[in-house]
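These notes concern the structure reproduced below.
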Amino acid sequence: MKKLITLILFMLFFISSIYPCWEQFQKNHKHTGEDCDITITTPLCIRKIIRVCFNYEAMPENALPLVDEEGNIYINHFKYISKINPKIGVVLWERTTTPTINTSGIIHNKKVIFTTTSNSLVAYDFNGNFLWEKIVNSSGQIYANLSFYIPNITPTLFNNKIYIGTSKGEIVIISADTGDTLKNYQIASGEIISAPAIDDDGTIYFGSRDNNFYSINGETGNIIWNINLGSPIYSSPSIDETGIYITNGFGEVFKLNKTNGNIIWKKSTGSWANGTGAIYGDSFFIGSDDRHVYKFNKYTGEIKWKVYVVDNIAKMSCIVVCAKLFVLGCIDKLIMIDTETGYKEFVCNTVLPNFRNITYSNGELYFTSQDNFLYVVGPCQNTCSPCTCDAKKFPTPVFKTPTRTFTPTKYVNPTITWTITPTQTITPTNTITFTQSNTFTNTLTLTPTSTPTLFFTDTFTPTATLTNTPMPCNGIATPVFNVKMIFNPENTDNIIFEIKSSVPLLAPPLATVYPHGSTCQKSILTFTAEEIPNLENTYRVLYPKQTGFGDIDKIIIKGKDICGVEGQSDGSFTKSVISQLDVKLFNNVIKPVANERCTIHYKIYNNDKIMIKIFNRAGNLVKTLYEGFMKAGEYECFWDGKDVAGKPVADGIYIIVVSTSYYEIKDKTLKTI
Numbered sequence: 020m021k022k023l024i025t026l027i028l029f030m031l032f033f034i035s036s037i038y039p040c041w042e043q044f045q046k047n048h049k050h051t052g053e054d055c056d057i058t059i060t061t062p063l064c065i066r067k068i069i070r071v072c073f074n075y076e077a078m079p080e081n082a083l084p085l086v087d088e089e090g091n092i093y094i095n096h097f098k099y100i101s102k103i104n105p106k107i108g109v110v111l112w113e114r115t116t117t118p119t120i121n122t123s124g125i126i127h128n129k130k131v132i133f134t135t136t137s138n139s140l141v142a143y144d145f146n147g148n149f150l151w152e153k154i155v156n157s158s159g160q161i162y163a164n165l166s167f168y169i170p171n172i173t174p175t176l177f178n179n180k181i182y183i184g185t186s187k188g189e190i191v192i193i194s195a196d197t198g199d200t201l202k203n204y205q206i207a208s209g210e211i212i213s214a215p216a217i218d219d220d221g222t223i224y225f226g227s228r229d230n231n232f233y234s235i236n237g238e239t240g241n242i243i244w245n246i247n248l249g250s251p252i253y254s255s256p257s258i259d260e261t262g263i264y265i266t267n268g269f270g271e272v273f274k275l276n277k278t279n280g281n282i283i284w285k286k287s288t289g290s291w292a293n294g295t296g297a298i299y300g301d302s303f304f305i306g307s308d309d310r311h312v313y314k315f316n317k318y319t320g321e322i323k324w325k326v327y328v329v330d331n332i333a334k335m336s337c338i339v340v341c342a343k344l345f346v347l348g349c350i351d352k353l354i355m356i357d358t359e360t361g362y363k364e365f366v367c368n369t370v371l372p373n374f375r376n377i378t379y380s381n382g383e384l385y386f387t388s389q390d391n392f393l394y395v396v397g398p399c400q401n402t403c404s405p406c407t408c409d410a411k412k413f414p415t416p417v418f419k420t421p422t423r424t425f426t427p428t429k430y431v432n433p434t435i436t437w438t439i440t441p442t443q444t445i446t447p448t449n450t451i452t453f454t455q456s457n458t459f460t461n462t463l464t465l466t467p468t469s470t471p472t473l474f475f476t477d478t479f480t481p482t483a484t485l486t487n488t489p490m491p492c493n494g495i496a497t498p499v500f501n502v503k504m505i506f507n508p509e510n511t512d513n514i515i516f517e518i519k520s521s522v523p524l525l526a527p528p529l530a531t532v533y534p535h536g537s538t539c540q541k542s543i544l545t546f547t548a549e550e551i552p553n554l555e556n557t558y559r560v561l562y563p564k565q566t567g568f569g570d571i572d573k574i575i576i577k578g579k580d581i582c583g584v585e586g587q588s589d590g591s592f593t594k595s596v597i598s599q600l601d602v603k604l605f606n607n608v609i610k611p612v613a614n615e616r617c618t619i620h621y622k623i624y625n626n627d628k629i630m631i632k633i634f635n636r637a638g639n640l641v642k643t644l645y646e647g648f649m650k651a652g653e654y655e656c657f658w659d660g661k662d663v664a665g666k667p668v669a670d671g672i673y674i675i676v677v678s679t680s681y682y683e684i685k686d687k688t689l690k691t692i
């Protein structure tokens, strides 16, 4: 009997595997970014590529895969939340949210919680059932889309509470159980972009765009100390028992004393470092946009090594798994570095840029890319190529839909009812005394009555229905391409070819341009098209002008759909001319003391990346007004005559540069007292 019980317990233990969770940004409330549930086995390779956003906008750069104890993954992508089983490559369910979700979420008590652009928190249980949406009680917003190189406002979970900054410098504390706002502390004069780090005693640490780093009491909101670090702070702090690790917008790395905020050590990288580091052993690791990853001795600040990783790190955060460091480059790289030696062991490419962070569970790494796939990286055979070994694409999501069935059931129950009926009997009696007596006799009559009673019973039957979402390709039909040639008089260098595919493609298509006339006079050029971000199945090619508009005979487009079927266009295209100015300046002579501002009006074509920068006449950058992706439309921004630190610039002429893939415009503005 004892052997039987032991066998049953053994089987239960191995059947009900519990995976290590990754429930929030950088693993925990201290943002240490370190884990080692099981020793990670090398060499590694991309094991699975799971399509998440099937027919929707590109996945936002803040889509962080969250992992529950069963190994399932939860990802947000703008108006959608998906649950994925990475072991079999299946999307278990997907939910549409009315507000947009554009930041990483948290897992708490069998539910996933995300912040939204409606300044609210939205919660779903693990079965995809909507639980609640609560508006956050704050004057500022709990989201910010500043640029691809700056993180979004991110929540932190600690002791059943959510901590988050706002665009007005507030720290808001929210119940993770109900979504109700518990406390709101007005602290900083600038946006709080970083995810607050919470110490075990409840002290809250965070940076702000007002250049200051703060320590506040979590119960009262009182500022314990703050220190000016010289430039805006976008990264999130990491903390341990010895201090606080934080970077500023100049790429300087600080270790601060937790008690008084004094600088223990300060070092510099070669560019900005807006990501969050990882703490492992006696070291602190951080990536920089100078394309290096740095290892610092966490006690002295000594640089133990710095490794060139080819790709820009920008705002991506490092994680350390079992003495191996992992980080994503914003172009297309996944990099693994041995933390002891600095040896770069693994580099692999995604299809499109990343701008994201990595999570880890049960020996596998998870991250997303702008190509809308979830990448699963795990152990590989020694004979494989790291980027292709066992890689399997899962293009068709499968959804489980619970079905409610209400069945009305009639029951007839005969009920015997005894009715007591009083009966009065009068019996006349004659006597010889001629005396009349009336005798009253009460009789009880029992009458059985059968009464039918009707009952309705609602029976709830959960039915798990597997629904295969049809693929946009069938392995037979070829992709169809529509091509439009766009001529912009302001863009003197290129003609734009815009390509629309009828189905999703495995990779951007090839475009071969045949100019008019003899091919010995003009070259036939082939280009790899670029995918237009956030625009479904749409690509572009910038073709250098040769003899002017209309000198092209045909353009042939070739590409394969996700079923592997290749299609080719017939060479035809339509034409379009952009006739109006793309950029206009209003009030280009400004007096900041009179609250005057220069207005920059600009156009975006088909969801493009744009940079708006101010330079002085010497060519030095004064301020970046905006850098990032925007949807198609017309927009305005302003310059108030101040530099990146918020200080008024000297009088003189300044150059405004507005650059997209479709044009680059330079114009002058004059700043006077």
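Numbering (this note's numbering), first residue to last: 20 to 692.
The beta carbon of each residue, even a glycine, is placed where N, CA and C say it ideally should be.
- Distance check between Cys367 and each of Asp357, Thr360, Glu359, Val346 places Val346 closest, using alpha-carbon atoms only.
- If you check the CB distance, Gly188 and Ser208 come in under 8 Å.
- Following the DSSP letters along the chain, one finds Trp151 inside the beta strand (DSSP E) bounded by residues 149 to 154.
- Excluding five sequence positions before and after Ser287, the CB atoms of its chain that fall closer than 8 Å to its own CB belong to Phe269, Gly270, Glu271, Val272, given in chain order.
- The three-state secondary structure of Pro611, taken from DSSP, is helix.
- Sequence-distant partners of Lys594 (beyond 5 residues in either direction) whose C-beta falls short of 6 Å from its own C-beta, in its chain, are Met504.
- Pairing Ile631 with Ile619 gives a Cβ-Cβ distance under 8 Å.
- Sorting Lys622, Thr200, Thr117 by C-alpha distance to the C-alpha of Ser157 places Thr200 at the top.
- In the DSSP secondary-structure assignment, Leu544 is bridged to Val532.
- Distance from the CA atom of Trp41 to the CA atom of Ile126, rounded to whole angstroms, is 8 Å.
- With fewer than 16 neighbouring CB atoms inside 10 Å of its own CB, Lys650 falls in the exposed class.
- Residue nearest to Asn267 within the set Asn279, Asp259, Ser290, Asn281 is Ser290 (criterion: CA-CA distance).
- In the three-state DSSP reduction, Leu600 falls in the coil class, being neither helix nor strand.
- Taking 8 Å as the cut-off, the beta carbon of Phe304 is found no closer than this to the beta carbon of Tyr318.
- For Lys632, the enclosing beta strand (DSSP E) stretches over residues 627 to 635.
- Residues of the same chain with a CB within less than 6 Å of the CB of Leu525, apart from the 5 flanking positions on each side, are Lys579, Ile581 in chain order.
- Assigned with DSSP and collapsed to three states, His620 falls in strand.
- Within the same chain, Thr266, Gly270, Ile305, Ser307 come within 6 Å of Ala292 by CB-CB distance, once the 5 residues on both sides are set aside.
- In this structure, the alpha-carbon of Glu653 lies about 20 Å from that of Glu555.
- Membership of Thr175 in the beta strand (DSSP E) is indicated by the continuous run 175 to 177.
- For Asn95, the uninterrupted beta strand (DSSP E) segment begins and ends at 92 to 104.
- A check of alpha carbon separations from Ile543 across Pro528, Glu517, Ile514, Lys573 identifies Lys573 as the nearest.
- Taking 8 Å as the cut-off, the beta carbon of Thr547 is found no closer than this to the beta carbon of Pro534.
- Fully contained in the region 243 to 321 are the following beta strand (DSSP E) runs of length 3 or more, in chain order: 257 to 259, 262 to 266, 271 to 275, 282 to 287, 297 to 299, 302 to 306, 311 to 316.
- At the C-beta level, His48 and Ile217 come within 8 Å of one another.
- Separation of Gly361 and Lys325 (C-alpha to C-alpha, rounded to the nearest whole angstrom) is 7 Å.
- When the Cα atoms are used, Pro251 and Tyr224 turn out to be separated by approximately 15 Å.
- Look at Phe44 here: in three-state DSSP terms it is coil, with no helix or strand label.
- Burial check for Thr197: the Cβ neighbour count within 10 Å stays below 16, so the residue is exposed.
- Judged by their CB atoms, Gly397 and Leu63 are nearer to each other than the 8 Å cut-off.
- Look at Ala195 here: in three-state DSSP terms it is coil, with no helix or strand label.
- DSSP places Ala142 in the strand class (E or B) of the three-state scheme.
- Of the candidates Cys337, Lys690, Tyr253, Ile172, the residue whose Cα lies closest to the Cα of Leu353 is Cys337.
- DSSP, read as helix, strand or coil, puts Tyr681 in coil.
- Annotation note: the region 549 to 589 contains the following uninterrupted beta strand (DSSP E) runs of length 3 or greater, listed N- to C-terminal: 557 to 563, 571 to 579, 585 to 587.
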